[in-house]
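Have a look at the structure below, then the notes.
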Amino acid sequence: MAPNSKLNAKRKAQRESSNTSTSTTNKPRASEQPASDTATTTAQLPLPLQQLVLNIFRNSFAERLSSDYAPLLQEIKGYLYKRDFASAFGTPGYLEVYAARWSASRALGYLDLFWELRRVLGVGGHGESGESRFKVVCLGGGAGAEVVALGGLQKRLLMGSGGEEDEDSDEKKVQKMEITAIDIADWSVVVDSLTRHLTTTPTLSKYASAAAKAANVPFANPDDIAITFTQHDVLQAPSTSSTQTATTPTTPLDSTLAAANLVTLLFTLNELYTTSLASTQALLLHLTELLQPGALLLVVDSPGSYSSVTLNGAAKKYPMHWLLDHTLLSQASRHAHERGREAVPRWEKVSEQESRWFRLDERLQYPIDLENMRMQVHLYRRL
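For what it's worth, the UniProt record's numbering labels the leading residue of the sequence shown as 1, then goes sequentially.
Written as structure tokens, this is what we have:
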């Protein structure tokens with residue numbers, strides 16, 4: 001579902017009364033102040049970079065946004081409320097409106113998080129992987145927010161401390177990225193459009209100045225980022241023959257996961273738990289077998305997410321993060337179920353935030369009202 005926020009009417013009125021521009025482009029919604037026990041972030045990313053990220057979505061879905069998209073948006077919300085995801089994500093029109101409405105702000109929130117975690121992730125020349133390419137698999141990433149955020153991370157790493165691209169920046173050691181987005185619905189129309197606008201020169205007005213034309217470059221260098229989409233149900237049980245071990249990749253997708261430096265489950269895991277707790281646990285254990293030591297698993301979801309577990313006929317709700325920790329830090333341990341043998345951990349928890357806010361800058365321009373987002377964050381490293 002969409003991240004939560006509320007319009008701050010007083011600040012909006014002040015802003016509108018002082019605004020002399022004739023532009024009809026909407027500004028993102030302001031939010032109420034977060035509670036004191038939450039982490040808040042607003043200023044890590046240069047404002048021009050944030051606007052460029054939003055421009056990717058605006059340009060990718062310009063035709064859809066220039067039409068009357070409100071009826072489609074209401075239909076999508078209705079399907080999401082009923083948890084009818086097959087209908088909500090069943091047509092290209094729905095997918096484009098969803099991505100334009102929710103993925104744009106999420107991309108900024110994810111980019112802000114990636115930037116904060118960049119050294120732990122090992123991108124930009126920091127870290128110990130030594131890989132020439134940073135390989136990312138985004139489970140449930142068909143809506144494109146992760147893809148654009150990772151492209152934005154590359155661009156941010158090329159910038160100096162002042163937010164301008166700096167050829168002499170000491171953080172210019174940017175690894176090339178291979179990004180695979182995987183989803184149960186066919187999001188190829190969305191991923192293809194976002195990829196095209198990420199890696200090609202934006203179209204300028206014929207009245208653009210010579211300086212604007214000279215500065216007009218792709219958001220991301222197509223030689224530095226490769227993006228693919230795969231339609232697949234990640235809860236589909238992997239098939240293993242009698243001659244194969246659990247660590248043997250049996251499908252092209254398994255091979256992709258086995259080579260990944262980072263796997264993400266962003267606003268996806270709790271939906272998987274809701275669909276099937278047992279299948280989701282099996283997926284996490286399968287990832288444990290496939291991923292190489294040093295690989296990272298990043299989980300982001302709504303704070304306070306709970307899933308029901310039935311034991312001895314009685315259902316009980318557990319926090320999502322508890323189920324996740326229990327699976328990775330306990331069940332996944334080697335020898336965990338062998339009596340008399342000491343369990344050997346196969347995951348360590350690197351970072352955790354129970355509640356993190358990303359608040360949109362009110363100066364940003366976008367055709368749809370966007371919302372601030374609140375999330376819980378869990379980062380694990382395979383041992």
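Idealized CB from N, CA, C, for every residue including glycine.
The structure displayed is predicted, hence computed values, not measured ones.
In the assembly as shown, N216 is an exposed residue. Its beta-carbon has fewer than 16 other beta-carbons within 10 Å. Cβ-Cβ separation between Q175 and S132: approximately 7 Å, consistent with a contact (criterion under 8 Å). In this model, S307 and P46 are separated by some 37 Å (Cα to Cα). In the structure shown, W322 falls within a helical segment according to DSSP collapsed to helix, strand and coil. One thing to note: W102 has its Cβ within 8 Å of the Cβ of A143. In this structure, the beta-carbon distance from V344 to V137 does not fall below 8 Å.
When rounded, the separation of the alpha-carbon atoms in L52 and G140 is 24 Å.
If you look at D192, you'll find it in the alpha helix (DSSP H) that goes 188–199.
Around the beta-carbon of T268, 16 or more other beta-carbon atoms lie within 10 Å, marking it buried.
In this structure, DSSP gives D254 a helical state, which the three-state scheme calls helix. Listed in chain order, the beta strand (DSSP E) elements of length 3 or more contained wholly in the segment 64–149 are 133–139. The Cβ-Cβ distance between H326 and K349 does not fall below 8 Å. From the listed residues S302, Q292, L383, the smallest Cα separation to R374 is found for S302. Secondary structure note for H286: it is in no beta strand (DSSP E), and the uninterrupted alpha helix (DSSP H) holding it is 277–290. Excluding the 5 residues flanking it on each side, D186 has same chain C-beta neighbours closer than 6 Å at Q231, in chain order. Cβ contact annotation for T199 (same chain, cutoff 6 Å, sequence separation greater than five): P218, A220, P222, in chain order.
Counting other Cβ atoms within 10 Å of its Cβ, R363 stays below 16 and is therefore classed as exposed. Annotated three-state conformation of K206 is coil, per DSSP.
In this structure, L296 places its C-beta atom within 8 Å of the C-beta atom of R381.
Taking C-beta atoms as the reference points, L80 and A88 count as a pair closer than 8 Å.
Approximately 24 Å separates the beta-carbon atoms of N261 and M320; this is outside 8 Å, ruling out the contact. Spatial neighbours of G93 in its own chain (CB-CB distance under 8 Å, excluding positions within 5 residues in sequence) are listed in chain order as R64, L72. Per the coordinates, the alpha-carbon of L111 lies some 28 Å from the alpha-carbon of Q281. DSSP, reduced to helix, strand and coil, places F229 within a strand of the structure shown.
Residue pairing for Y273: DSSP places it in no beta bridge. Here L328 is near L284, since their CB atoms are less than 8 Å apart.
Of the candidates V191, A181, A210, M159, A181 places its Cα closest to the Cα of V234. Rounded to the nearest angstrom, the Cβ distance from V190 to A332 is 33 Å, too far for a contact under 8 Å.
Taking 8 Å as the cut-off, the Cβ atoms of R346 and L383 count as close. Distance from the Cα of V120 is smallest, within the candidate group L54, S279, L298, S305, for L298.
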